[in-house]
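J.: Below is a structure I'd like to ask you about.
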Amino acid sequence: MSFDTIVIGGGVMGCSTALHLARGGMRVALVDRGPLCREASGVNAGTLTLHMTRAALVPYAMRAWQMWMDAEQWLGMGVLATHVPGLTLAFTEAECALVELRAKARREQGAPIEVITPERARQIEPGLHPSLLKAGYCEIDGFASAYLTGRAFGHALKGAGVTVFENVPVEGIDSGDAGHVVHFGGSAGGVREPLRAKRVVLAGGVWTEPMLAWLGVDIPIKVLVNQLIITERIRPVMRSVLSVANGLLSLKQFANGTVLIGGGWQGEGDRERGGVEARPQNLVGNMRLAAYAVPALAEARIARIWLGLEAETADALPIIGDVPGVAGAYVVGSAHSGYTSGPFMGRIMAQHILGQEPDLPLFDPSRLLGMPMPGA
Amino acid sequence: MAEISPHPIPIPVDVLVIGAGPAGARAALRARACGLDVLLVDENPDAGGQVWRPLPPGFARVLGSTPSTEARDGDALRAELRRAGVACLFGHKLWNVGTSLRADLIGPEGSMSWQPRALIVATGTTERVVPFPGWTLPGVIGLAAATILLKSQNMLPGRRTLVAGTGPLLMAVATGILKAGGEVAAVLDLASQGDWLRTLPSLAARPDLLWQGLQWQARLRAAGVPILYRHGIRSVEVAGPGFNICTQRVDAGGQPISGDAAPMFEADAVTVGHGLVPGTDVTRLLRARHRYAAGLGGWVADADADGRTSVAGLYVAGDGAGIAGAAAAGAHGELAALACAHDLGRLGAASHARERDRLQASWRKSARFGHAMAGLMALRDGAVAGIAPDTVVCRCEDVTRAEIDAAARDGARDMNQLKAWTRCGMGPCQGRSCGDVAGALLAIHAGSREAVGCFTGRAPLRPVSLAEVAGDYTYADIPIPKAAPL
Amino acid sequence: MSLRVDQAVRRGPAVRFMVDGHAVEAFEGESVAAALFAAGTRALRQSPRDGTPRGLFCMMGSCQECLVWVGARKLPSCQLAVVAALEIETLSYREGHLG
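Chains as they are written, first to last, in the numbering used here: chain A, 503 to 878; chain B, 562 to 1047; chain C, 114 to 212.
Pasting the structure below:
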């Protein structure tokens, strides 16, 4: 079977790219070794915040925020994107300095973030711990239910005429002047026929590193194994999205009353095995921080703990653009907090591939060639 | 900065036994007899599991009353545990197990961890109820729940109770109600008398059980209780202080047969159960291999005859490994303990083989009856197919059959995708009440139970509060690594 | 007619415990779920989405339908023994329609 473009990886980056390409007139196939949006894109905390987004990504996150809020219009089905303000909290002097620094950096990129007093913070969020010293406040913040993303994109992709292959693992890509041949590994239905296309887009999240290796390109991508905790439904205890200035807490309460606790505390796992198990001391640390920030959470019972793999490049910025040295090959994603800006990143990737001027500049992958991973 | 110590330092034991029912208690006793360092853990206040529940604290048997066989067996087991000096942690919740088999527990004094060399999981079963309109009403309870009320709490479910479902608990509960002075509105059994007759050969070694069964039948008939075979509940509706229960005829697969007029009953309580489902929370969390065995109750850990699973050091025993009955559970627990002792190098091959052969023979004999009962209790496809669309399937989240079917039509092909798209299984019961029936419903679309799989096992194994896990701390006790990238 | 069956057992001392600020007669040691059931309080909470009444169902700590608050702890009442001066709140009382 042959297409104009094959997108490998059905997370939010790959789905958005495929959707925008198809709406731009291309014949598109989207392939994933599992169901759509079941890795990072389906299990993340769904935080749509500017506080914890890299300053350089603020303009992208703001556009993506609007896309998530409008998902019913352009995607056809929403992910329960909810607009609430965001507060990033400081409980120590060092954290106060961080709040100021981070707010300034983001204001410079266009984020409407101001530093406010604890009294003002408590007007917005009455349940905060009394020892709060300072807070960063942003009116544009919110959250989505990430686990709904696959169903939403599935409908839209079908409607746009994208041929979706789920539960089909890709084994390799043969690239040449005539285009690319995408080979599949064995699956329940036996080995499939390869797909052919002039263009291929790698959108594999943490798996983009081995995908690039198929094309002979070496760009290391760090794998973060994030722990997430969700409570059972509880009475309303908070009404904003909360984070702590050090970046280690993400807290939100959904309309159904469940509270999602995250913040990047690490569990055990890797690219090959996926998330393996939580680290109890990191569960305890995360929960202590959550119950400190909002004391009412101490009573809440935990219903489930899970792990998700998040990608991070050497400079913690996304890779969006041409695969260095390989004609007709592109890469999109592998970004810290990629869900927040995912729909917009897919749009600019598609614009570039369609030969249009992208709404905002891309992130040249070649900058990472030879860049050492910090701490490696 | 205060040192972060979420749990006291793990203390090594040889084998940790989870669950102090017939299988777990026997496993612990046998392991101790083999010279192993054993710790037996149960969230209940004492050993006995569901089938041999002790009386509540402060209750005493009246002098001259004849305790039932179960009461005697339970008391004997508890006494034996105390005499043997088996270390027990009752009232402790297991909320997590690591891949190293480290067990994280929460008890009255706080949280703790134990690092065993082996883990024997004997967590028994939960009851399955195939949903019908009205099954969530207060006053509609499980058959196992009615058994606990009658035998442990010494309480009736109501003045006049309708008893429905399938399996050996039906008659036991119905006669238990009569003996306690209550009325039974009717007994509805999905099975036919033929189904029961076909279990007779399994009773060859248990004339006592056969006699008991016949006595139960006689007692119900003498009391004029209607016993309707091949009948189930169609709906329960509130009627004043009680209920109106509409019944329906069903075929051999449990599918409702429409058109036939079926009687209606009045009662102030309904007790219903459609079999037992092995508990696989721990084995799924540890990613042991599982297989689907309808005749054993559903999904079970794939284990050998001694209870060894696909994970080294992890053993399963008792009904949680596949329904074989309480009598077989004890032998199974001992087999697991012996295998564990052998695998840990504390029991020679010859001694192991001798004991193992004897116990396996005993297990086979006891399991014959248990398996026959499991066959009666197995989930009937027709019963699942007959669930009305607006019926709640996931009680915690009010997810209906219609929503499950819609997700399936939209492309949900496995249990985890179903969960993500409908919230079925996301509530505090963690899929224990709905998982088996939801799996059967999804399998109608996806082709087989194997194709749809199970909910991925996750911690916590039971809901635990942040306060229980976090303990006492100050802000300085929270380790803060480097700041997030700017 | 009481639901309690006294043929074969002697219960512990009769006690009172508080439920949503009202006294309920019971016997020390029985489970709170059973005691409430016997007292005619069968509805313990409302389901979260549809608001339908729910009460004890499994009696073994699995179904999470019989939850009650004891101070700052939320527990299945089938796993909570009655003691004199016990104070519990139902979920409906403490949380309103949230289950």
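Cβ coordinates follow ideal geometry from the N, Cα and C atoms, glycine included.
#1: Counting C-beta neighbours from all protein chains within 10 Å, is the total for Ile-572/B 16 or more, i.e. buried, or is it exposed?
#2: Considering Cα atoms alone, identify which of Ala-139/C, Arg-162/C, Gly-134/C and Arg-124/C is closest to Ala-151/C.
#3: Taking just the CA atoms, how far does Gly-659/B sit from Leu-730/A?
#4: Does Tyr-649/A get closer than 8 Å to chain B when you measure Cβ to Cβ?
#5: Output the boundary residues of the alpha helix (DSSP H) element that contains Glu-595/A.
#6: Which residues in chain C have a C-beta closer than 9 Å to the C-beta of Ala-790/A? List them in chain order.
#7: Is there a Cβ of chain A sitting closer than 8 Å to that of Leu-940/B, yes or no?
#8: Please work out which residues of its chain come closer than 6 Å, Cβ to Cβ, to Glu-564/B, disregarding the five sequence neighbours upstream and downstream, and give them in chain order.
#9: Quick test of your reading: Ala-683/B and Gly-881/B, contact by CB under 8 Å. State the CB separation rounded to the nearest angstrom.
#10: With Leu-809/A and Gly-652/A assumed to form a contact (beta carbons below 8 Å), what rounded beta-carbon distance in angstroms separates them?
#11: Please state whether DSSP places Val-998/B in a helix, a strand or coil.
#12: In chain A, which residues lie with their C-beta within 7 Å of the C-beta of Tyr-1034/B?
#13: Check whether the segment 764-774 of chain B touches the segment 941-960 of chain B, taking contact to mean three or more Cβ pairs, one atom from each stretch, closer than 8 Å.
#14: Could you run through the segment 138-155 of chain C and flag, in chain order, every residue whose CB is less than 8 Å away from some CB of chain B?
#15: Would you list, in chain order, the members of the segment 182-194 of chain C that have their beta-carbon closer than 7 Å to a beta-carbon of chain A?
#16: Count the CB pairs spanning the segment 715-724 of chain A and the segment 753-766 of chain A that are closer than 8 Å, and state whether there are at least three.
#17: Can you check whether the C-beta of Phe-667/A is within less than 8 Å of a C-beta belonging to chain B?
#18: Quick check on the burial criterion: 16 or more other C-beta atoms within 10 angstroms. Buried or exposed for Ala-198/C?
#19: Using only the alpha-carbon positions, how far apart do Met-851/A and Arg-803/A sit?
#20: Going along chain A in order, which residues have a C-beta closer than 9 Å to the C-beta of Trp-982/B?
#21: Sorted by chain position, which residues of the same chain lie with C-beta nearer than 8 Å to Met-554/A's C-beta, five sequence neighbours on each side aside?
#22: From Ala-747/A to Pro-677/B, what distance separates their C-alpha atoms?
#23: According to DSSP, which residues form a beta bridge with Gln-159/C?
#24: Name the chain A residues that come within less than 8 Å of Ser-1026/B, Cβ to Cβ?
#25: Which whole-angstrom value describes the C-beta separation of Leu-601/B and Val-578/B, a residue pair presumed to lie in contact below a C-beta threshold of 8 Å?
#26: Does the distance from the CB of Gly-687/A to the CB of Ile-510/A come in under 8 Å?
#27: Quick one: what does DSSP say Cys-649/B is sitting in, helix, strand or coil?
#28: Using a C-beta to C-beta distance shorter than 7 Å, which residues of chain A count as neighbours of Pro-166/C?
#29: Short of 8 Å in beta carbon distance, which residues of its chain neighbour Thr-165/C, apart from the five on each side in sequence? Order them along the chain.
#30: Taking just the CA atoms, how far does Leu-937/B sit from Leu-764/B?
#31: Leu-199/C versus chain B: which residues are under 9 Å apart at the beta carbon?
#32: Helix, strand or coil for Gly-835/A? Go by DSSP, reduced to three states.
#33: Return yes when the Cβ of Gly-759/A is within less than 8 Å of the Cβ of Pro-189/C, no when it is not.
#34: Rounded to whole angstroms, what is the Cα-Cα separation between Ser-566/B and Asp-665/B?
#35: Comparing C-alpha positions only, which one of Pro-820/A, Met-740/A, Gln-768/A and Gln-853/A sits nearest to Pro-782/A?
#36: Please list, in chain order, the residues of the segment 750-767 of chain A that have any C-beta partner in chain B closer than 7 Å.
T.: Let me lay it out:
#1: exposed
#2: Ala-139/C
#3: 16 Å
#4: yes
#5: 595-609
#6: The question names Ala, yet the displayed sequence has Arg at residue 790/A. Under the 9 Å cutoff, chain C gives no residues; its nearest Cβ is about 16 Å from Arg-790/A.
#7: no
#8: With a pLDDT of 35 at Glu-564/B, under the threshold of 50, the modelled position of this residue cannot be trusted; read the value that follows with caution. Result list for Glu-564/B: empty, nothing under 6 Å.
#9: 6 Å
#10: No, Leu-809/A and Gly-652/A are not in contact; Cβ-Cβ is about 18 Å, not under 8 Å.
#11: helix
#12: Arg-790
#13: no
#14: Phe-140, Glu-141, Gly-142, Glu-143, Ser-144, Ala-147, Phe-150, Ala-151 and Arg-155
#15: Ala-185 and Lys-187
#16: no
#17: no
#18: exposed
#19: 42 Å
#20: Tyr-649, Leu-650, Gly-652 and Arg-653
#21: Thr-590, Ser-745, Gly-749, Ser-752 and Ser-839
#22: 40 Å
#23: Pro-166/C
#24: Ala-800, Glu-801, Ala-802, Arg-803 and Ile-804
#25: 5 Å
#26: no
#27: strand
#28: Chain A residues near Pro-166/C: none, gap ~17 Å exceeds 7 Å.
#29: Gln-159
#30: 14 Å
#31: Under the 9 Å cutoff, chain B gives no residues; its nearest Cβ is about 13 Å from Leu-199/C.
#32: strand
#33: no
#34: Residue confidence is low: Ser-566/B scores 38 on pLDDT, short of 50, so the model does not pin down where it sits. Its coordinate-derived value is still stated next. Approximately 13 Å, taken between the alpha carbons.
#35: Gln-768/A
#36: Leu-750
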